[in-house]
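Asker: The following block contains the structure, expressed as structure tokens.
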Amino acid sequence: MNYNLIAMTSITYAQKAKSLLNAQRMYCEIQKTPSEYFSGCGYSIRVKDDISKVTSILRENGVKYKQTASGYRR
Numbered sequence: 001m002n003y004n005l006i007a008m009t010s011i012t013y014a015q016k017a018k019s020l021l022n023a024q025r026m027y028c029e030i031q032k033t034p035s036e037y038f039s040g041c042g043y044s045i046r047v048k049d050d051i052s053k054v055t056s057i058l059r060e061n062g063v064k065y066k067q068t069a070s071g072y073r074r
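Quick look at the structure:
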């Protein structure tokens with residue numbers, strides 16, 4: 001299955017994102033960021049939902065992130 005990855009600015013923001021999205025019944029897991037996708041903070045969130053919908057929710061709630069990638073296969 002393909003997932004979307006969102007590189008977070010910190011583990012704290014990754015935890016906030018997970019709590020926020022799970023509260024809205026959206027799949028979200030924290031994982032170590034694969035080096036082939038992003039550099040910097042070592043944590044990303046993995047989501048199934050549309051990436052633009054997820055990032056919109058994050059922005060509306062003040063959860064900072066750095067980059068996104070679609071089509072990640074775990």
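Using our numbering, count along the sequence shown one by one with no gaps and you end on 74.
All C-beta atoms, glycine included, are put in the ideal place defined by N, C-alpha and C.
#1: Can you have a look at A23 and say buried or exposed, based on whether 16 or more other CB atoms are within 10 angstroms of its CB?
#2: Would K53 be called buried (16 or more neighbouring beta carbons within 10 Å of its own) or exposed?
#3: Distance check for Y3 and E36, CA to CA, integer angstroms please.
#4: Would you call the CB atoms of I51 and T68 closer than 7 Å?
#5: Hey, K66 and M8 are a contact pair by Cβ (cut 8 Å); roughly how many whole angstroms apart?
#6: Could you tell me the alpha carbon to alpha carbon distance between K18 and I45, rounded to whole angstroms?
#7: Ends of the alpha helix (DSSP H) at T12?
#8: State the DSSP-derived secondary structure class of T33, mapped to helix, strand or coil.
Answerer: Considering the structure as presented:
#1: exposed
#2: exposed
#3: 15 Å
#4: yes
#5: 7 Å
#6: 7 Å
#7: 11 to 23
#8: coil
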